[in-house]
Amino acid sequence: MSVVLHVTGRVLAGPEDVRDELWVVDGRVTYERPAAARDIRTVTGWALPGLVDAHCHVGLDAHGAVDAETSEKQALTDRDAGTLLIRDAGSPADTRWIDDRDDLPKIIRAGRHIARTRRYIRNYAHEIEPADLVEYVGREARRGDGWVKLVGDWLDRSTGDLGACWPRAEVGAAIAEAHRLGARVTAHCFAEESLRDLVEAGIDCVEHATGLTEDTIPLFAERGVAIVPTLVNIATFPRLAAGGEAKFPRWADHMRRLHERRYDTVRAAYDAGVPVFVGTDAGGSLAHGLVAAEVAELVTAGIPPLEALSATSWGARAWLGRPALEEGAPADLVVYDEDPRADVRVLAAPRRVIVNGRVVG
7 MSVVLHVTGR VLAGPEDVRD ELWVVDGRVT YERPAAARDI RTVTGWALPG
57 LVDAHCHVGL DAHGAVDAET SEKQALTDRD AGTLLIRDAG SPADTRWIDD
107 RDDLPKIIRA GRHIARTRRY IRNYAHEIEP ADLVEYVGRE ARRGDGWVKL
157 VGDWLDRSTG DLGACWPRAE VGAAIAEAHR LGARVTAHCF AEESLRDLVE
207 AGIDCVEHAT GLTEDTIPLF AERGVAIVPT LVNIATFPRL AAGGEAKFPR
257 WADHMRRLHE RRYDTVRAAY DAGVPVFVGT DAGGSLAHGL VAAEVAELVT
307 AGIPPLEALS ATSWGARAWL GRPALEEGAP ADLVVYDEDP RADVRVLAAP
357 RRVIVNGRVV G
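Adding 6 to a residue's 1-based position in the sequence shown gives its number in the working numbering.
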């Protein structure tokens with residue numbers, strides 16, 4: 007038997023399921039003391055399942071795909087911040103090699119973004135027209151790990167404002183094709199216009215969702231459509247607006263209004279029963295390792311601390327179909343000096359990071 011880890015103190019197996027200890031044997035969690043253990047290493051503190059960043063881009067920077075060395079640095083930064091499960095919400099880079107590394111976060115990929123021609127950031131997406139949407143969604147559903155990422159809205163230069171990218175019929179057929187292939191679909195959406203069509207077409211999640219209103223929030227709640235608000239990214243809207251105001255004043259004003267009501271939007275969605283999960287949007291122009299800051303932003307928006315914590319741990323893992331600290335689960339956990347349920351700011355200072363049973367930080 008290899009080195010056995012003994013995690014003692016408080017093990018947060020669930021929001022209210024607090025245990026005194028767990029053991030890590032051959033990289034997996036057990037709550038039964040191994041009879042043959044001789045070489046034991048003890049780690050003490052408050053243990054949580056490895057944190058989840060449900061909107062992150064490994065292999066991407068502001069200009070497009072990056073090389074493997076840069077991708078590794080991004081993954082290591084997230085890991086050292088306690089993020090051990092990533093839903094990669096679109097990347098043109100091939101990061102499958104990360105799956106062979108037992109010291110890096112686990113990644114659930116959504117393939118490459120699918121955007122309307124000239125309606126997204128250069129070098130990021132497949133840029134296509136509506137007639138090709140079903141084909142490309144099918145392609146990315148086969149390439150990804152159970153998710154496909156659409157760009158639902160973007161700046162429309164013909165109007166000078168945010169506008170929906172896809173006609174209702176085409177997006178409905180594309181989502182149906184993804185579901186037929188066993189994949190879920192999410193979409194980048196800043197504005198109001200595209201949301202009803204996407205939800206009624208069967209979408210599973212919306213990223214950012216700053217355009218939610220009292221008219222569409224009940225629809226999201228009724229259909230169980232999740233949102234990933236990425237509030238640390240929405241904080242950049244005033245700077246983006248200032249940079250584009252001279253050319254697109256309507257768009258700049260719209261972006262400012264979306265920013266001003268961002269906390270009210272998230273709280274109203276949560277209060278209505280819309281599932282809310284943590285995502286940072288790291289990897290474009292935003293730094294990696296911001297998961298603790300995003301949890302704190304959700305609390306600032308009015309989400310109870312325990313629910314904000316679940317949105318990056320137990321609840322997020324269940325939503326993505328990955329285990330937390332169940333018996334036999336891969337031993338991906340983070341240990342803190344204090345109880346993160348009492349103060350989510352504790353998440354910013356992991357004491358120990360354990361991946362596949364190895365202490366890596």
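Even glycine gets a Cβ: it sits at the ideal position worked out from N, Cα and C. These figures come from a predicted structure and were not determined experimentally.
Taking a contact to require three or more Cβ pairs closer than 8 Å, the segment 298-306 and the segment 323-335 do not qualify as touching. Closest in C-alpha terms to T216, from the list E266, G20 and G178, comes E266. In the structure shown, R47 falls within a strand segment according to DSSP collapsed to helix, strand and coil. In this structure, T219 is the residue among T219, T14 and R163 with its C-alpha nearest to the C-alpha of T271. Minimum Cα-Cα distance from S316 among the listed residues V301, R328 and A288 corresponds to V301. For R273, the enclosing alpha helix (DSSP H) covers residues R268 to D277. In summary, P224 is exposed, with fewer than 16 beta-carbon neighbours lying within 10 Å of its beta-carbon over all protein chains present. Taking one beta carbon from each stretch, the segment 141-160 and the segment 247-259 have fewer than 3 pairs nearer than 8 Å; the two do not touch. Counting other Cβ atoms within 10 Å of its Cβ, E183 reaches 16 or more and is therefore classed as buried.
DSSP places R16 inside the beta strand (DSSP E), whose first and last residues are V10 to L18. R202 and H12 have their alpha carbons spaced roughly 50 Å apart.
Residue pairing of A53 in beta bridges, as defined by DSSP: V17 and V341.
Apart from the 5 residues on each side of it in sequence, F243 sits with its Cβ closer than 6 Å to the Cβ of M261 and H265 in its chain, given in chain order. Counting along the chain, L139 sits inside the alpha helix (DSSP H) bounded by residues L139 to R149. Pairing R39 with D32, the inter-Cα distance amounts to about 13 Å. Here DSSP, grouped into helix, strand and coil, assigns R186 to helix. Counting only the Cα atoms, S97 lies some 40 Å from I46.
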